[in-house]
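K.L.:
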Amino acid sequence: MAKYVALCGGVGGAKLAFGLAHALPPGELTIAVNTGDDFEHFGLLICPDLDTVVYTLAGIADAGKGWGRASESWLVQEELARLGGPTWFQLGAKDLALHLYRRSLLDGGNSLCGVTTTLANTLGIKHTIVPMSNDPVRTIVETDEGALAFQSYFVARRCEPRVSGFRYEGAATARVSPALEAALNAPDLTGIILCPSNPFVSIGPILALPGMRDQLRTSNAPILAVAPLVGGAAVKGPLTKMMHELGLKASIDGIASLYADFLDILVIDPQDECDASALCTDSIEIDMIKTLMKTPDERITLAQHVLARLKNLSSDGRKQVPSDRKGHVYALS
Ligand code: FO1
């Protein structure tokens with residue numbers, strides 16, 4: 019049986035995960051999700067990327083925002099405002115119910131993996147969605163306003179501070195979640211897919227886990243990434259601004275350089291064709307197809323294309339990745 023692992027973060031990544039879940043049966047796909055955005059709020063563990071993937075696959079995500087639930091009630095948020103409580107991080111009432119239940123399951127001794135499986139199954143999802151780790155990892159954004167926890171940078175400060183780097187607190191001692199470890203070591207692993215998520219704050223924390231980068235470098239299964247840029251710009255979120263502030267060109271070449279030590283195929287949108295011609299790493303194959311996913315069908319079409327590319331690459335053996343290739347790692351520690 020062919021098996022695939024998808025690494026993903028928030029909104030953009032969740033869209034491709036949705037497509038892959040429609041293109042593959044549950045037993046053939048493991049979706050590993052970033053937890054570096056997680057934080058404690060009101061004593062609850064908020065897991066934005068996990069919840070975005072679960073809500074998206076369950077078909078109940080807010081289509082406009084990409085995060086949180088569709089047809090939400092903001093009653094609790096409004097009352098919080100009246101009471102003078104913190105309202106900077108908007109929690110809809112249905113979303114809040116999930117956070118409350120997750121808190122009680124975690125306090126009951128369940129792992130984040132176990133809780134995520136319970137919640138996903140309850141919401142009708144048959145595919146495997148796993149946190150990258152059961153252990154806490156927190157993305158810290160180094161900025162000209164100091165070190166900011168991710169949600170403080172992303173939501174409270176609306177990504178305005180200038181970024182100089184990232185740290186993934188806890189990553190050095192965190193363990194890759196058992197289900198992800200098993201999926202990456204499956205004998206019939208046919209491909210690994212990096213969904214179109216922010217390389218610094220969505221894919222970066224996953225790659226920062228002990229042994230993860232080496233596992234990708236030495237994997238026999240081909241590794242494909244869908245570029246998180248279209249037309250040289252992020253579809254959503256601060257990626258373009260981050261790249262400029264880090265002194266990187268917001269380009270296909272810039273993205274390729276971040277994964278150069280393990281990537282086999284980079285899927286780009288035709289709008290970026292000219293940009294890819296200057297690719298500095300000749301060992302990454304460029305594949306071109308429309309990567310903007312505006313509808314569920316476009317998510318499935320892209321997923322089917324990605325799987326077809328991986329299938330024929332894995333059949334003729336994965337390219338040997340020259341060991342001298344180094345990816346740029348922006349973690350400060
Ligand atoms: N993003 C915002 O810009 N403002 C919010 O108030 C907000 C609330 C929120 C609540 C639950 C959730 O799962 C996500 C939420 N997000 C919000 C998005 C979140 O900050 C990002 O999705 C990820 O952390 C980055 O992809």
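In our numbering, the protein residues as written are 19 to 351.
Backbone N, C-alpha and C define an ideal beta-carbon position, used for all residues, glycine too.
(1) Given a cut-off of 8 Å on the beta-carbon distance, is the pair Lys-21 and Glu-46 in contact?
(2) Check Ile-210 in the structure and name its three-state DSSP category.
(3) Around the C-beta of Leu-38, are 16 or more other C-beta atoms found within 10 angstroms, so that it is buried, or is it exposed?
(4) Helix, strand or coil, according to DSSP, for Lys-254 in the structure here?
(5) For Leu-281, which residues in the same chain have their Cβ closer than 6 Å to its Cβ, ignoring the five residues on either side in sequence?
(6) Going by the C-beta, is Gly-86 closer than 7 Å to any heavy atom of the ligand FO1?
(7) Between Leu-247 and Ile-270, is the Cβ-Cβ spacing less than 8 Å?
(8) Confirm, please, whether the CB-CB distance from Glu-97 to Arg-180 is below 8 Å.
(9) Alpha carbon to alpha carbon, what distance is there between Tyr-73 and Asp-80?
(10) Would the beta-carbon of Ile-158 be found less than 7 Å away from any heavy atom of the ligand FO1?
(11) Please state the DSSP three-state secondary structure of Ile-318.
(12) Using the rule of at least 16 other Cβ atoms within 10 Å of the residue's Cβ for burial, across every protein chain shown, is Leu-352 buried or exposed?
(13) Three-state secondary structure (DSSP) at Gly-183?
(14) Given that a residue counts as buried once 16 or more other Cβ atoms are within 10 Å of its Cβ, and exposed if not, what is Ala-24?
(15) Tell me the residue span of the alpha helix (DSSP H) that contains Glu-97.
(16) For Leu-310, collect the residues of the same chain with a Cβ closer than 8 Å to its Cβ; drop the 5 residues on either side in sequence, then sort them by chain order.
(17) Between which two residues does the alpha helix (DSSP H) containing Cys-131 stretch?
(18) Measuring only the C-alpha atoms, how far is Thr-70 from Thr-146?
(19) Please state if the CB of Ile-273 and the CB of Pro-217 are separated by a distance shorter than 8 Å.
(20) Assign Asn-52 to buried or exposed, taking buried as 16 or more other Cβ atoms, counted over all protein chains shown, within 10 Å of its Cβ.
(21) At the 8 Å Cβ level, is Gly-110 part of the contact set with chain E, yes or no?
(22) So, at 7 Å on beta carbons, what are the nonlocal neighbours of Val-173 in its own chain, with the 5 sequence-adjacent residues on each side left out?
P.N.:
So, from the listed chains and residues:
(1) As a first step, residue 21 is located in the sequence shown; it is residue number 3 there, counting from the start. As a first step, residue 46 is located in the sequence shown; it is residue number 28 there, counting from the start. Yes, Cβ-Cβ distance for Lys-21 and Glu-46 is below 8 Å.
(2) Along the sequence shown, one-based indexing puts residue 210 at 192. In the structure shown, Ile-210 sits in a strand (DSSP, three-state: E or B).
(3) Position 20 of the sequence shown holds residue 38. Its Cβ being crowded by 16 or more others within 10 Å, Leu-38 is buried.
(4) Numbered from 1 along the sequence shown, position 236 holds the residue referred to as residue 254. DSSP places Lys-254 in coil when its eight states are reduced to three.
(5) As a position in the sequence shown, residue 281 is number 263, starting the count at 1. Contacts found: Ile-241, Ala-243 and Ile-302.
(6) Numbered from 1 along the sequence shown, position 68 holds the residue referred to as residue 86. Gly-86: yes, Cβ under 7 Å from the ligand FO1.
(7) Here the question's residue 247 lines up with position 229 in the sequence shown. Here the question's residue 270 lines up with position 252 in the sequence shown. Yes, they are a contact pair.
(8) Position 162 of the sequence shown, counting from 1, holds the residue named residue 180. Position 79 of the sequence shown, counting from 1, holds the residue named residue 97. Not in contact: Arg-180 and Glu-97 (Cβ atoms no closer than 8 Å).
(9) Taking the sequence shown and counting its residues from 1, the one referred to as residue 80 is at position 62. Taking the sequence shown and counting its residues from 1, the one referred to as residue 73 is at position 55. Computed Cα separation, rounded: 8 Å.
(10) For this step, residue 158 is matched to residue 140 along the sequence shown. Every heavy atom of the ligand FO1 is 7 Å or more from the Cβ of Ile-158, so no.
(11) Your numbering for residue 318 matches position 300 in the sequence shown. Helix at Ile-318.
(12) Not covered by the structure: residue 352. The range shown for the chain is 19 to 351.
(13) Working through the sequence shown from its first residue, we reach residue 183 at position 165. Three-state DSSP puts Gly-183 in a strand.
(14) Position 6 of the sequence shown, counted from the start, is the residue given in the question as residue 24. Looking at its Cβ environment, which holds 16 or more other Cβ atoms inside 10 Å, Ala-24 is buried.
(15) For the purposes of this step, residue 97 is taken as the residue at position 79 of the sequence shown. First-last of the alpha helix (DSSP H) with Glu-97: 93-101.
(16) If you number the sequence shown from 1, residue 310 lands on position 292. Around Leu-310: Val-248, Val-253, Asp-287 and Glu-316.
(17) Sequence index remark: in the sequence shown, residue 131 carries index 113 (1-based). Counting along the chain, the alpha helix (DSSP H) containing Cys-131 begins and ends at 130-140.
(18) Working through the sequence shown from its first residue, we reach residue 70 at position 52. Working through the sequence shown from its first residue, we reach residue 146 at position 128. C-alpha separation (whole angstroms): 14 Å.
(19) The residue given as residue 217 occupies position 199 in the sequence shown. The residue given as residue 273 occupies position 255 in the sequence shown. Yes.
(20) The residue you call residue 52 lines up with position 34 of the sequence shown. So Asn-52 counts as buried.
(21) This model lacks chain E altogether, as it is built from one protein chain only.
(22) Taking the first residue of the sequence shown as position 1, residue 173 is located at position 155. Hits under 7 Å: Trp-106 and Phe-107.
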